[in-house]
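Enquirer: Pasting a structure below so you can have a look.
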Amino acid sequence: MKMLLTRRSLIAWSGLLFCAACTSAPASDQTAALPDTASTAAEATAAPTEVQLLTATLKTFEYHLQANGKIEPLQQSVLQFRQGGYLQQLHVKNGQYVRQGQLIASLEKDALQLALKKAQSSTALKQEAYNALLVDYGGSFGQPESIDQSQSERLIIRSGLREAQLQQQEAALALAHTELRAPFSGRIADLNIKASNIVSATDPICMLYSADQLLLTAEVLESEALRLQLNQKAHIHTLANGGKQYIASVHEINPSVSAEGMVQVKLLVQQPQGLLPGMNTVASIRVPVQKAIVIPKDAVVLRSGKKVVFVAHEGMAVWRYVTTGLENEQEVEVLEGLKTGDQVIIANNLQLEHDTPVQVKQQLAATPL
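Mapping of the sequence shown onto mature numbering (1 follows the signal peptide of the UniProt record, and there is no 0): residues -27 to -1, 1 to 342, in sequence order.
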């Protein structure tokens, strides 16, 4: 009997201890179940986003018209002899700078010098014959003015003096054409021929170009060509010289549209040292357009596929839907959505939402143009 009571007591005490264990949670679990009041308070008092502002003002927007083209000389000439012959000597080399009138190449002259002497001798003989006829017709020896001018002209032809004079001029001209001289100052290029060879009048000797006056010849769309005017400024650069920029201006606009709808434009490069004919070049022509609100392109962000600009107002970021127009590498024209005086957020705006608290880190003022 006593043993039965002891077993029942042990069972009862075990049940009580099990229930107590089930209803009591560990201290760590109770702590995890409570809300983190410290982190919630930190989020509620998060520091405002630091932003950079730009005051929206009206200014003349500068549209940058992009065009690709090649460098060409303002003046160039393929140099050739006017007659064929034996190329005796070359006096220049590729890349050499020459002055106007400088000797480039020369042909053998011996035969032509002899022909000139023969022509001069023939002229002297015909002059004697003319003087004799002059005396026969009542004039004075060696004095054409002593007889009537028309009579003197007939005697010149009759004596053969006129023909001899023309032959002498031809011989002198042929001798002069054995020398090839620079028609203008410039640089020698494409000199591929060698001396001691026979050349014809159609053989190119070299190319001469104006190294200090280079053009960029490019094509633009006909719709964009209507914006262009002479003397508009441009910047050009090539990949060949490390992206160095050159200043240029619109020199010529061809008033003709190609079958592909393109218009040829030529830009005159200032200080073109380092550029060579044929180089591939990119130009950015600066075309002033109408006055408008112009802001940095980074100020425009996309929200649900729409263009948005954030404006700072009473310490909050307020978004504005905008309609943009033309743009260049740095700026964009705003047609609708902003007004002058708006404080446009231009930096640190990617994470902003409507009514986000902001703090001004830097205030910029746009310069109206």
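The beta carbon of each residue, even a glycine, is placed where N, CA and C say it ideally should be.
1. Let me confirm a value: serine 173 is counted as buried when at least 16 other C-beta atoms fall within 10 Å, else exposed. Which label applies?
2. Classify glutamate 309 as buried or exposed, calling it buried when 16 or more other Cβ atoms lie within 10 Å of its own Cβ.
3. Out of Glu326, Phe157, Lys312, which has the shortest C-alpha to C-alpha gap to leucine 31?
4. Please confirm whether glutamine 100 and serine 183 have their CB atoms less than 9 Å apart.
5. Thinking just about the alpha-carbon of each residue, which of Phe283, Glu300, Gln186, Val236 is nearest to the one in proline 245?
6. Please list the terminal residues of the continuous alpha helix (DSSP H) segment that includes isoleucine 220.
7. Assign threonine 296 to buried or exposed, taking buried as 16 or more other Cβ atoms, counted over all protein chains shown, within 10 Å of its Cβ.
8. May I ask you to report which of helix, strand or coil DSSP gives phenylalanine -10?
9. I want to know whether the stretch 160 to 170 touches the stretch 139 to 147 - three or more CB-CB distances under 8 Å.
10. Evaluate contact between the stretch 27 to 43 and the stretch 186 to 202, counting only Cβ atoms and requiring at least three cross-stretch pairs below 8 Å.
11. Count the other C-beta atoms from every protein chain shown that fall within 10 angstroms of the C-beta of glutamate 304, then say buried if there are 16 or more, exposed otherwise.
12. Are the CB atoms of leucine 134 and isoleucine 120 nearer to each other than 9 Å?
13. If you draw a straight line from the alpha carbon of valine 51 to that of isoleucine 266, how long is it in whole angstroms?
14. If we ignore side chains and look at the alpha-carbon of each, how far apart do glycine 247 and alanine 162 end up?
15. Report all residues from its chain with a CB closer than 6 Å to the CB of valine 333; omit the five preceding and five following residues, and keep chain order.
Expert: The answer reads as follows:
1. exposed
2. exposed
3. Nearest C-alpha to leucine 31: Lys312.
4. no
5. Gln186
6. Isoleucine 220 -> not in any alpha helix (DSSP H); beta strand (DSSP E) instead, spanning 218 to 230.
7. exposed
8. Confidence in phenylalanine -10 is poor, its pLDDT being 44 and thus under 50, which makes the residue's placement too unreliable to answer from.
9. The stretch 160 to 170 vs the stretch 139 to 147: no contact.
10. yes
11. Classification for glutamate 304: buried.
12. no
13. Cα to Cα, the separation comes out at about 52 Å.
14. 15 Å
15. Leu26
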